[in-house]
Amino acid sequence: MLMLAGGVLGCQGVSAEDLPVIHNPDASGALPKLELLWLGQSALRLTTPGGKVILIDPFITQNPKTPEKYKDLDNLGKVDLILVTHAHADHLGDGPALARKYHIPLIGPAGMNQSLVTLGVLPAELAPGMNKSGTVTPLGPTIHITMVHAEHSSELDWLNPATGQHEIHTGGEPVGYVIELENGFKIYDMGDTGLFSDMKFIGDYYRPDLVVIPIGGNYTMGPVEAAFAMRYWIHARYVLPVHYGTFPPLKGTPEEFIKALGPTRTKVLELKPGGTVSF
Numbered sequence: 052m053l054m055l056a057g058g059v060l061g062c063q064g065v066s067a068e069d070l071p072v073i074h075n076p077d078a079s080g081a082l083p084k085l086e087l088l089w090l091g092q093s094a095l096r097l098t099t100p101g102g103k104v105i106l107i108d109p110f111i112t113q114n115p116k117t118p119e120k121y122k123d124l125d126n127l128g129k130v131d132l133i134l135v136t137h138a139h140a141d142h143l144g145d146g147p148a149l150a151r152k153y154h155i156p157l158i159g160p161a162g163m164n165q166s167l168v169t170l171g172v173l174p175a176e177l178a179p180g181m182n183k184s185g186t187v188t189p190l191g192p193t194i195h196i197t198m199v200h201a202e203h204s205s206e207l208d209w210l211n212p213a214t215g216q217h218e219i220h221t222g223g224e225p226v227g228y229v230i231e232l233e234n235g236f237k238i239y240d241m242g243d244t245g246l247f248s249d250m251k252f253i254g255d256y257y258r259p260d261l262v263v264i265p266i267g268g269n270y271t272m273g274p275v276e277a278a279f280a281m282r283y284w285i286h287a288r289y290v291l292p293v294h295y296g297t298f299p300p301l302k303g304t305p306e307e308f309i310k311a312l313g314p315t316r317t318k319v320l321e322l323k324p325g326g327t328v329s330f
């Protein structure tokens, strides 16, 4: 039986056996196998049941919501793979530095990775090409990573070391990811996105267990749009709201999201930056 620590919101009519374990920064206890650490904004560290570590959108050292402990990148522990949803600085973040540090691949939109190689930010072997609808297995045959659509933009802002000037380069098209783990558990990380009707297709076809969804508004969906996607299109068991409260324009809150979602069997997970949820 799974035990509950911390808090789970939006769990009307759900028994304790259905609930994941939440450890916020002040909580203690042994962590089960599948763990998701939220580092603020959209930055996540996923530890799979087999012990692989995946960083998603690792905006960490410049992230005002990341706990100080993790701004020392060594405190992230080992990392096996980096996934980036688009080229904006609050998502690409420390990705290239971490890819070089651990000599691991950074997977992202094909146009973004091509720019990173062309500009000399990453060598080609650390910036593999991939595009939407593609599925890859860089961590072995039991973990499948599929790139899916997102409705956003993806400019790459690069500081030219020769001139000291910022330049805008192609960042490809924004994406989301469906990650199927060793035990069959599926995570749909939307990245930054507005509503689009193929969210229903993604929900129907991939049947994710957990959705990571932006709710801050202004640059992405707000709480009402995000709630519509979950209530009518995706129907996952769990949803983790992210991309809110980091900067002043991101005004959406989990409370507004829960209110808009209404009675549902989808469990809304509320984490503080530095908190974990495990299954």
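Throughout the sequence shown, residue numbering follows the numbering used here, covering 52 to 330 in sequence.
No residue lacks a Cβ here, since even glycine has one placed at the ideal position from N, Cα and C.
I'd like the ranges of any beta strand (DSSP E) spanning at least 3 consecutive residues and lying wholly in the region 185-221. Complete beta strand (DSSP E) runs here, min 3: 195-200, 207-210 and 217-220.
Contact under 8 Å by Cβ, Val-168 with Tyr-153: No, the Cβ-Cβ distance between Val-168 and Tyr-153 is not below 8 Å.
Lys-237, enclosing alpha helix (DSSP H) - first and last residue: Taken as a continuous stretch (DSSP letters only), Lys-237 belongs to no alpha helix (DSSP H), being part of the beta strand (DSSP E) at 237-240.
Leu-312 classed as buried or exposed, judged by whether at least 16 other C-beta atoms fall within 10 angstroms: Around the beta carbon of Leu-312, 16 or more other beta carbons sit within 10 angstroms, so the residue counts as buried.
At least three beta-carbon pairs within less than 8 Å, the region 254-263 to the region 289-306: Judged by Cβ distances under 8 Å, the region 254-263 makes contact with the region 289-306, as three or more pairs qualify.
Which same chain residues, not among the five before or five after Pro-100, have their C-beta less than 7 Å away from its C-beta? The residues are Lys-84, Leu-85, Leu-232, Glu-233 and Asn-234.
Can you tell me which residues form a DSSP beta bridge with Pro-147? None; Pro-147 has no bridge partner.
Touching or not, the region 304-323 and the region 212-220, by the rule of three or more beta carbon pairs under 8 Å? No, they do not touch.
Taking Cβ positions, are Leu-149 and Leu-177 nearer each other than 8 Å? Not a contact, by the Cβ cut-off of 8 Å.
Less than 8 Å between the C-beta atoms of Lys-302 and Gly-267, yes or no? With respect to Gly-267, Lys-302 sits close: the two C-beta atoms are nearer than 8 Å.
Do you know how far the Cα of Thr-297 is from the Cα of Thr-186? Their Cα atoms are separated by approximately 31 Å.
What are the partner residues of Ser-93, as DSSP defines its beta bridges? Ser-93 is not bridged to any residue.
Quick one: is Tyr-295 buried, meaning 16 or more other Cβ sit within 10 Å of its Cβ, or exposed? Taking a 10 Å sphere around the C-beta of Tyr-295, we find 16 or more other C-beta atoms and assign the residue as buried.
Assuming Met-198 contacts Lys-183 (C-beta within less than 8 Å), just tell me the rounded distance between them. Right, the Cβ-Cβ distance comes to about 5 Å (below 8 Å), so this counts as a contact.
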